[in-house]
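Residue numbers (our numbering), protein chains in the order written: chain A, 4 to 251; chain B, -15 to 235. Ideal Cβ positions, reconstructed from N, Cα and C, are used throughout, including at glycine.
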Amino acid sequence: MVILNWLTAFGKYIMMLKRVFRRPDKMRMFLKRYYTEIYQLGIDSIGIVLVISLFIGAVICIQFKMNIQSSWMPAWVPGYASREIMLLEFSSSIMCLILSGKVGSNIASELGTMRVTQQIDALEIMGVNSANYLILPKITALITIIPILVTFSVAAGIVGAYSIVYIGHIGTIRDLTIGMQYSFHQWFFWMGVIKAMFFAFLITSIASYYGYNVKGGSVEVGKASTNAVVTSSILILVSDTFLTQLLS
Amino acid sequence: MIEIKSINKSFEDKVVLNNIGCTFESGKTNLIIGRSGSGKTVLMNSMVGLIQPDSGEILYDGRNLLNLSKTEMIILRRQMGMLFQGSALFDSMTVLENVMFPLDMFSDESYKERKRRAQFCLDRVNLSDAGDKLPDELSGGMQKRAAIARAIAMQPKYLFCDEPNSGLDPKTSLVIDKLIYEITKENNMTTIVNTHDMNSVMGIGENIVFLYHGSLEWQGNKDEIMTSDNQRLNDFIFASDFSKRLREANE
Ligand SMILES: Nc1ncnc2c1ncn2[C@@H]1O[C@H](COP(=O)(O)OP(=O)(O)OP(=O)(O)O)[C@@H](O)[C@H]1O
Ligand SMILES: [Mg+2]
């Protein structure tokens, strides 16, 4: 029964995507929405991304310096570990997990409210493909802005590590810099970006699916945004496992 | 003209529309009346294609809505305007942007032209100064009028209004009714209005369809409705003591 429900939902999700990925009715209107969404979903998230990454970068550094550090470990390890953890996992997967909470619930409740107040019906009556008009700009906007968010997150993490070394007097800046530069693979950065772009698609499309298909009233809108966050978080974690193996 | 032939619709076991057949004429305000829950909204939503009826035909000037391809449906929908029970204005846009929206979406005119048309529609519903406001900042009656302006922006052939008077005081209701009536005449539209407001029935009821528990019980105009001896219809229109006394006084 549960499996059947999942399959039905998946089928409906695919059908919705088929309506979403069409040529927009009017390019001008699409671009207008696209820029708004870039702002709402992307630019508006920069603050939270910077703050969280800054602290995580600092904390990783502290953990390695104070708790994991031991006599057999070279002094550059904390810098190296901070960089790799940010690049490989935090700035892509974990940041997207956090964004799925912020962006996902935002999208699901916006679309859900539009559904229950019949704004989506109003679009349909005008002869507008509402799925395409409302959802395509959201998906494309987050996918295009996410590489920038990833970059900011990595940078903020590194700044965080440096700040804590400087302010907290743990280790030396020089050791940290050696670690940061040790055995750098550019591909790791691109791997993070590719993963994040895939997660951006998951977050926006799943949240849109839940919001767009709300039936009922405000209680259902609330449920939809919870479901959107839970489902996209789980799918991000599951697909992260596969993607990481695939890209490594 | 819109013709409906033997429309049926059930939700699970509950029959909501039972073999309904009637005609709505162009250039007239056609009213669908009936008690709350009698199926007015379901009938209207079926007519515009938001609900798929189980069986029957819905003919727009002879073409069956239920047999149209997706593209034909979109073209037909661009000739429809609809006023929803809750106005359904886009709350992230100003009133003017709301009215301009269908034009932005489908018309190739210049920005200036589109804006002029939108402003004309706002003037028509006496909202000349409200263009810069957000829908939240308007009263219920103003929202209804803004929604009318948006519905007529594309000069539709068919106008659907679901309970345009719900939640409005009698005086404001009259203004909305009058507006709908005049716009219908000006543009020779086929207008269909869902209502349970007896003032509207007596004011603009040129062709009235009475639904009773999902069945078509009676069809006629506002003069015939007063003299009809259909018991269920009389129970509906003379539900209040006031109207009962009026009728007795008439007799
Ligand atoms: N989506 C649905 N699922 C199940 N039942 C429904 C659905 N929509 C409407 N109904 C049922 O259909 C019946 C008719 O509803 P409808 O909304 O058409 O009434 P109405 O005449 O518009 O009433 P009102 O004047 O209060 O708006 C109601 O009994 C309602 O419970
Ligand atoms: Mg209704």
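Within 8 Å, strictly: CB atoms of residue i and residue j
{"i": "A:M200", "j": "A:I149", "result": "yes"}
{"i": "A:L57", "j": "A:M98", "result": "no"}
{"i": "A:Q43", "j": "B:F74", "result": "no"}
{"i": "A:I167", "j": "A:G82", "result": "no"}
{"i": "B:A137", "j": "B:M66", "result": "no"}
{"i": "B:G124", "j": "B:T78", "result": "no"}
{"i": "B:G198", "j": "B:S22", "result": "yes"}
{"i": "A:D28", "j": "A:N109", "result": "no"}
{"i": "B:A130", "j": "B:L111", "result": "yes"}
{"i": "A:A203", "j": "A:I138", "result": "no"}
{"i": "B:V193", "j": "B:I16", "result": "yes"}
{"i": "A:F67", "j": "A:A84", "result": "yes"}
{"i": "A:I173", "j": "A:M89", "result": "no"}
First and last residue of the uninterrupted alpha helix (DSSP H) at residue i
{"i": "B:N171", "result": "154 to 171"}
{"i": "B:N183", "result": "182 to 188"}
{"i": "A:S221", "result": "221 to 250"}
{"i": "B:K(-2)", "result": "From DSSP, B:K(-2) is part of no alpha helix (DSSP H) but of the beta strand (DSSP E) over -2 to 8."}
{"i": "B:F194", "result": "Per DSSP, B:F194 belongs to no alpha helix (DSSP H); it is in the beta strand (DSSP E), 191 to 196."}
Closer than 7 Å: residue i CB and nearest ligand 1 heavy atom
{"i": "A:E113", "result": "no"}
{"i": "B:T25", "result": "yes"}
{"i": "B:S22", "result": "yes"}
{"i": "B:N214", "result": "no"}
{"i": "B:K128", "result": "no"}
{"i": "B:K(-2)", "result": "yes"}
{"i": "B:F(-5)", "result": "yes"}
Straight-line gap, residue i to residue j (C-alpha atoms, nearest Å)
{"i": "B:V83", "j": "B:D207", "result": "36 Å"}
{"i": "B:L143", "j": "B:I167", "result": "10 Å"}
{"i": "B:I239", "j": "A:Y213", "result": "The question about residue 239 of chain B has no answer, for chain B in this structure spans -15 to 235."}
{"i": "B:M205", "j": "B:G11", "result": "The question names Met, yet the displayed sequence has Asn at residue 205 of chain B. If you take the alpha carbons of B:N205 and B:G11, they lie about 14 Å apart."}
{"i": "B:M89", "j": "B:I160", "result": "27 Å"}
{"i": "B:V185", "j": "B:I(-12)", "result": "21 Å"}
{"i": "B:M126", "j": "B:F104", "result": "16 Å"}
{"i": "B:R98", "j": "B:S91", "result": "8 Å"}
{"i": "B:E147", "j": "B:T175", "result": "13 Å"}
{"i": "B:E232", "j": "B:N214", "result": "16 Å"}
Neighbouring residues, chain C, relative to residue i (Cβ below 9 Å)
{"i": "B:V26", "result": "In summary, chain C is missing from the structure at hand, where the protein chains are A and B."}
Contacts that residue i makes with chain B (C-beta to C-beta distance below 9 Å)
{"i": "A:E127", "result": "V32, G33, L34, R61"}
{"i": "A:D243", "result": "Neighbours of A:D243 on chain B: none; closest Cβ ~33 Å, over 9 Å."}
Residue i: CB within 7 Å of a non-hydrogen atom of ligand 2
{"i": "B:D146", "result": "yes"}
{"i": "B:N29", "result": "no"}
{"i": "B:N14", "result": "no"}
{"i": "B:N178", "result": "yes"}
Contact set between residue i and chain B, taken where Cβ atoms lie within less than 7 Å
{"i": "A:T120", "result": "G70, A72"}
{"i": "A:D47", "result": "Per Cβ cutoff of 7 Å: no residues; A:D47 is ~15 Å from chain B at best."}
Neighbouring residues, chain A, relative to residue i (Cβ below 7 Å)
{"i": "B:I58", "result": "G130"}
For residue i, the first and last residue of its enclosing beta strand (DSSP E)
{"i": "B:M66", "result": "64 to 67"}
{"i": "B:T13", "result": "13 to 17"}
{"i": "B:G40", "result": "39 to 44"}
{"i": "B:E(-13)", "result": "-14 to -5"}
{"i": "B:L143", "result": "142 to 146"}
{"i": "B:V177", "result": "174 to 179"}
Near ligand 4: residue i beta-carbon under 7 Å from a heavy atom
{"i": "A:G104", "result": "This structure lacks ligand 4; its bound ligands are ligand 1 and ligand 2."}
Chain-ordered chain B contacts of residue i [CB-CB under 8 Å]
{"i": "A:K29", "result": "D88, M89, F90"}
{"i": "A:M32", "result": "D88, M89"}
Interface partners of residue i on chain A, CB under 9 Å
{"i": "B:M173", "result": "Per Cβ cutoff of 9 Å: no residues; B:M173 is ~15 Å from chain A at best."}
{"i": "B:M64", "result": "I128, M129, G130"}
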